[in-house]
Structures are given as structure tokens and as C-alpha cells.
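Peer 1:
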Amino acid sequence: MRTNDWAVITGASSGIGKGFVYELAKKGYNVVLVARSRDKLEILAADIEKQFGRETRVIPLDLAHGDFIGELAEGTARLPVTMVINNAGFGTSGPFLENEDLRETEMIQLNCIAVTKIARLFLKRMVEIGRGDMVIVASTAAVQPCPWFATYAATKAFDLYLAEALWYEMREKGINVLALNPPATATNFLAEAGIPTYQKGLATVEQVVRTAFHALGKKPSVIVGGKNRLMAFSERFTPKKLLLFVTARIMKKMIGSS
Ligand SMILES: NC(=O)c1ccc[n+]([C@@H]2O[C@H](COP(=O)([O-])OP(=O)(O)OC[C@H]3O[C@@H](n4cnc5c(N)ncnc54)[C@H](OP(=O)(O)O)[C@@H]3O)[C@@H](O)[C@H]2O)c1
Numbered sequence: 044m045r046t047n048d049w050a051v052i053t054g055a056s057s058g059i060g061k062g063f064v065y066e067l068a069k070k071g072y073n074v075v076l077v078a079r080s081r082d083k084l085e086i087l088a089a090d091i092e093k094q095f096g097r098e099t100r101v102i103p104l105d106l107a108h109g110d111f112i113g114e115l116a117e118g119t120a121r122l123p124v125t126m127v128i129n130n131a132g133f134g135t136s137g138p139f140l141e142n143e144d145l146r147e148t149e150m151i152q153l154n155c156i157a158v159t160k161i162a163r164l165f166l167k168r169m170v171e172i173g174r175g176d177m178v179i180v181a182s183t184a185a186v187q188p189c190p191w192f193a194t195y196a197a198t199k200a201f202d203l204y205l206a207e208a209l210w211y212e213m214r215e216k217g218i219n220v221l222a223l224n225p226p227a228t229a230t231n232f233l234a235e236a237g238i239p240t241y242q243k244g245l246a247t248v249e250q251v252v253r254t255a256f257h258a259l260g261k262k263p264s265v266i267v268g269g270k271n272r273l274m275a276f277s278e279r280f281t282p283k284k285l286l287l288f289v290t291a292r293i294m295k296k297m298i299g300s301s
């Protein structure tokens, strides 16, 4: 990175996004903070300026509704953005037909359509200057279909495949793209997904962020945690039907523990 480089972090107001904000400010980036909660973003911006002396911009946006991309493009037009953490997302859990119609489509809007629009906006700009990095936050739920987490896992499979393909397309243009696949992590995500009391073996935000920086520029995607990497590897050799039965059992336990 160079002095005065900017990073854009979506979903900056909490959890993994907020963890990236602190790490990027520590590395010397100025930061653009994007999420819906203006108050949380303003408090975070003030803390970043105080602790690290970096510049900040707060852009409160709902990335699941309306034409947010024009506002994001305008708000960042004059900034040399060389790092994007394409992270904002949420999940729903439970039987597919019992989930709310609106939540399911909002989730596809946020986890897939917004991620794609944001990738297109900033990768075009990075190509013009010949450098940059983008992390697209997928999930361990992306590496196999997940009954009781069906739409969420499908949105994250989209993110994983998008990021991996972009890793290939962008690498000769001097731009690194990484699909980051966290397992269940200690953030607000699980409560939002309707599994608030699931606490078993959660990863920490610090572990997730550290893994991302370790892998960025080296490979198309990374799974957080050695055990999760091993599981994903073994799933490649498991017949799909068996995999679905095993995953359904794990998911049912996870949801049932709430
Ligand atoms: N935690 C896990 O177990 C886990 C595991 C695998 C993958 N992930 C992925 O990690 C990413 C971050 O999640 P997290 O764990 O950090 O959860 P989190 O603490 O709930 O954070 C989600 C972030 O997304 C923002 N957001 C939600 N809806 C939004 C909208 N419509 N428009 C703009 N921003 C929105 C939230 O801010 P506002 O509410 O202020 O808008 C918040 O900053 C997600 O993509 C999630 O799928 C999480």
C-alpha cells in the first residue's frame, strides 16, 4: 500500500467488518465505513481518527434496497480506493418454506447483488490504476449445500465462486481477489440468523481477519481454521447424497441448540 490509500469496508458497523476496519487503519489505510447504522459508524470513525490518526468517511447505506451504488460511487469518487472488504451480509435459518419471503429476497440482494455491484464498481477503478485488493466474505456454508440454511448457503456459494473466478481474471492486472470463508464466528450474525445461543467452538473476529491477510495475494480462497479446512477437503470425496444427510444433521443440531 501507499500513503493516502483508502479502504472501503461494507458491514463496517459490527463483527468481521469492524475487525477489518481496525486492522486496516493499523496498517495505515484511510477508511470508508459503509453500513446502515450511521450512529455506530460515526462512533467508529471517531475512534479510528483518535487511535490511528487516519482519515475516515462515513457512508450510511442500505445495500439491500434501492439504488445505493450511485451514492457509493459518488461518495468515493475522489478517493484512491485500493482495498475493498466486500463483507456486509446476513443469514436466515430454518425450513426453507417457513422463512419470510421478504427476508429471503433481501438476503439475495445483499449477499449477491450488492456484492457484485460493489465488486464491479471498485475493480474497474483498480484496473485503471493497476493495483488493489478485494476480499469477498463467503462462508464455510458455501462449500456444500446446507439444508435448513438453504438460501444463505446458496448466496455464499455465489460469493465463493464469484471471488475465485475474479481472482483468476484480475491477477494479471495487478489486483488480488480473495474469497474468505469464516466458520461460525462470535459476532451478531448468529443472533440475526435465528441461532442466538449457538456458541460451540466459535472463531474470533481477530482469527478471521488475520487469516484473510495471510492468504490475500497468495490464493483464490481461504477457509478459516485447520479443522474446517480438513472437513471441506474430505467433503470433496463424499457422495452428494451422504453429504446432504450429514450436513442436515449438523445444521439441525445447530438450530436446535437455540
Ligand atoms: N459470524 C459468522 O458466523 C459468519 C460465518 C461465515 C460468514 N459470515 C459472513 O460475514 C459477513 C459479516 O457478518 P458478521 O459475522 O460480521 O455479522 P454482523 O456482526 O451481523 O455484521 C453484519 C454487518 O452487515 C451490515 N448490514 C446488514 N444488513 C445490511 C444492509 N441491508 N445494508 C448495509 N449493511 C448491512 C451490518 O450493519 P448495519 O446493521 O448497521 O447495516 C453489519 O455491519 C457476512 O457476509 C456473513 O455472511 C459470518
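Using our numbering, the first residue of the sequence shown is number 44, and each one after it goes up by one.
Built from N, CA and C at the ideal position, the CB exists for glycine as well.
Can you list, in chain order, the residues of its chain whose CB lies under 8 Å from that of residue 289, leaving out five sequence neighbours each side?
Peer 2: 281, listed in sequence order.
Peer 1: Checking 8 Å against the spacing of the C-beta atoms, do residue 119 and residue 75 come in under that value?
Peer 2: Yes, the pair counts as a contact, with Cβ atoms nearer than the cut-off.
Peer 1: Among 260, 140, 251 and 263, which has the Cα closest to the Cα of residue 269?
Peer 2: The residue with the shortest Cα to Cα distance from residue 269 is 251.
Peer 1: Report yes if the C-beta of residue 118 is less than 7 Å from at least one heavy atom of ligand 1; otherwise report no.
Peer 2: Incorrect: residue 118 has no Cβ contact closer than 7 Å to ligand 1.
Peer 1: Tell me whether residue 124 sits in a helix, a strand or coil according to DSSP, three-state version.
Peer 2: In this structure, residue 124 counts as strand in the three-state DSSP scheme.
Peer 1: Just to confirm, is the Cβ distance from residue 80 to residue 231 under 8 Å?
Peer 2: No, Cβ-Cβ distance for residue 80 and residue 231 is not below 8 Å.
Peer 1: Quick one, are the C-beta atoms of residue 206 and residue 220 less than 8 Å apart?
Peer 2: For residue 206 and residue 220, yes; Cβs fall inside 8 Å.
Peer 1: Have a look at 98, 202 and 248 and flag the residue whose alpha-carbon is nearest the alpha-carbon of residue 59.
Peer 2: Nearest of 98, 202 and 248 to residue 59, Cα basis: 248.
Peer 1: Note down the Cα distance separating residue 72 from residue 49, rounded to an integer number of angstroms.
Peer 2: If I take the Cα positions, the gap works out to 5 Å.
Peer 1: Spatial neighbours of residue 198 within its chain, please: C-beta separation below 7 Å, excluding the five flanking residues on both sides.
Peer 2: Within the same chain, residue 198 has close Cβ partners 150, 151, 154 and 155.
Peer 1: Can you give me the Cβ contacts of residue 161 inside the same chain, cut-off strictly under 6 Å, excluding the 5 residues immediately before and after it?
Peer 2: Excluding positions up to five away in sequence, the list reads 129.
Peer 1: Looking at the secondary structure, which residues open and close the alpha helix (DSSP H) in which residue 99 lies?
Peer 2: Careful: residue 99 lies outside any alpha helix (DSSP H), inside the beta strand (DSSP E) at 99–103.
Peer 1: Counting along the chain, where does the beta strand (DSSP E) carrying residue 240 start and finish?
Peer 2: Run containing residue 240: none; DSSP gives neither H nor E here.
Peer 1: Report buried or exposed for residue 234, applying the criterion of at least 16 other Cβ atoms within 10 angstroms of its Cβ.
Peer 2: Its Cβ having fewer than 16 others within 10 Å, residue 234 is exposed.
Peer 1: Can you name, in chain order, every residue of its own chain whose Cβ lies under 8 Å from the Cβ of residue 181, other than the five neighbours on each side?
Peer 2: Excluding positions up to five away in sequence, the list reads 199, 200, 202, 203, 206, 222, 223, 224 and 264.
Peer 1: Check whether the Cβ of residue 235 lies closer than 7 Å to any heavy atom of ligand 1, and answer yes or no.
Peer 2: Correct: residue 235 has its Cβ closer than 7 Å to ligand 1.
Peer 1: Could you check what DSSP says for residue 303 in three-state terms: helix, strand or coil?
Peer 2: Given that the chain is displayed from residue 44 to residue 301, the structure contains no residue 303 and the question cannot be resolved.
Peer 1: How about residue 200: is its Cβ closer than 7 Å to a heavy atom in ligand 1?
Peer 2: Checking the Cβ of residue 200 against ligand 1 gives no.
Peer 1: Consult DSSP for residue 337 and reduce its assignment to one of helix, strand or coil.
Peer 2: Residue 337 is absent from the model: the chain starts at 44 and stops at 301.
Peer 1: For the beta strand (DSSP E) holding residue 221, just list the boundary residues, first then last.
Peer 2: Element bounds for residue 221: 218–224.
Peer 1: To the nearest angstrom, how far is it from the Cα of residue 140 to the Cα of residue 213?
Peer 2: Each residue's Cα considered, the two are about 39 Å apart.
Peer 1: Below 8 Å on the Cβ atoms is my guess for residue 185 versus residue 193; work out the distance and round it to an integer in Å.
Peer 2: At roughly 13 Å, the Cβ-Cβ gap does not stay under 8 Å, so residue 185 and residue 193 are not in contact.
Peer 1: Just to confirm the assignment, what range does the alpha helix (DSSP H) spanning residue 198 have?
Peer 2: Looking at the DSSP string, the run of the alpha helix (DSSP H) that includes residue 198 is 193–214.
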